[in-house]
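Chain order of the listed sequences is A and B.
If you read the first sequence in my numbering, its first letter stands for residue 137, the second for the next number, and so on.
If you read the second sequence in my numbering, its first letter stands for residue 3, the second for the next number, and so on.
C-beta atoms are modelled at their ideal positions from N, C-alpha and C, and glycine is treated no differently.
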Amino acid sequence: KAGVTQTPRYLIKTRGQQVTLSCSPISGHRSVSWYQQTPGQGLQFLFEYFSETQRNKGNFPGRFSGRQFSNSRSEMNVSTLELGDSALYLCASKRAGGEEKLFFGSGTQLSVL
Amino acid sequence: GDSVTQMEGPVTLSEEAFLTINCTYTATGYPSLFWYVQYPGEGLQLLLKATKADDKGSNKGFEATYRKETTSFHLEKGSVQVSDSAVYFCALSPGAGSYQLTFGKGTKLSVIP
Chain A
137 KAGVTQTPRY
147 LIKTRGQQVT
157 LSCSPISGHR
167 SVSWYQQTPG
177 QGLQFLFEYF
187 SETQRNKGNF
197 PGRFSGRQFS
207 NSRSEMNVST
217 LELGDSALYL
227 CASKRAGGEE
237 KLFFGSGTQL
247 SVL
Chain B
3 GDSVTQMEGP
13 VTLSEEAFLT
23 INCTYTATGY
33 PSLFWYVQYP
43 GEGLQLLLKA
53 TKADDKGSNK
63 GFEATYRKET
73 TSFHLEKGSV
83 QVSDSAVYFC
93 ALSPGAGSYQ
103 LTFGKGTKLS
113 VIP
């Protein structure tokens, strides 16, 4: 069974641009969540989607948004990039119901210059 | 709000040494507690979990006990190996259907032969 797939693996953008990251969950998983990982702040929750609906949102500005498609694939978008948005963005998926076990992808490393 | 505090390290141990990584938490209600591990260049993997007070999670020789009276979930291993070198994260989820994880800052472990 394939794991959580995130694309692209690396991205370099400049300030003011916008970026879209993609996440394909494990087959059969309907919950997808996103986390930002930085050396200073550690891992911080961005948002969670289930059946195309956002269920929870972390404390991030409105420049960070996401969505989930009917096949459970998810995208997150960051508009008007700032230097501080440089981070590893991790996606995790989970089966509906069942145990609380998240499966993480390898992440997208975003560098904002 | 919820928070997790763990010793930040880095921690360097010789092979076969005993490992303890301390983790304490602040949360309302009855959170579930987790230890995740991140190997270089990879996403996070669930190492072990405990969902209620006095539960002991264990996996691959690692153990942690959910202590509600001390709000702690310390990670231990009796004899570490070089392959255990990684970053370890303590985390909690609030339960009650929410899978939003709050993470500690992570502890980098290096095991030398």
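Q) Using DSSP with H/G/I as helix, E/B as strand and the rest coil, what is S85/B? A) DSSP places S85/B within a helical segment (H, G or I) once states are collapsed to three.
**Q.** Assigned exposure category for L219/A - 16 Cβ within 10 Å defines buried
**A.** Flag for L219/A reads exposed.
Q) In whole angstroms, what is the alpha-carbon distance linking S158/A and L226/A? A) If you draw a straight line from the Cα of S158/A to the Cα of L226/A, it is about 10 Å long.
Q) From G241/A to K70/B, what does the alpha carbon distance come to, in whole angstroms? A) 31 Å
**Q.** Minimum Cβ-Cβ distance from Q8/B to chain A less than 7 Å
**A.** False, the Cβ-Cβ gap to chain A never drops below 7 Å.
Q | Cβ distance (whole Å) where F75/B is taken to contact C25/B below 8 Å | A | 5 Å
Q) Which one of E10/B, E18/B, G11/B has the shortest CA to CA distance from S85/B? A) E18/B
Q | Cβ-based burial, A138/A [other Cβ within 10 Å; buried from 16] | A | exposed
Q) Does G176/A come within less than 7 Å of chain B when only Cβ atoms are used? A) At a cut-off of 7 Å, the C-beta of G176/A has no neighbouring C-beta in chain B.
**Q.** 3-residue-minimum beta strand (DSSP E) runs that sit fully inside the region 209-234 of chain A, ordered along the chain
**A.** 210-214, 223-230
Q) With a CB to CB cut of under 8 Å and the five nearest residues on each side skipped, what residues in its chain are close to L15/B? A) L21, V82, L111, S112, V113, I114
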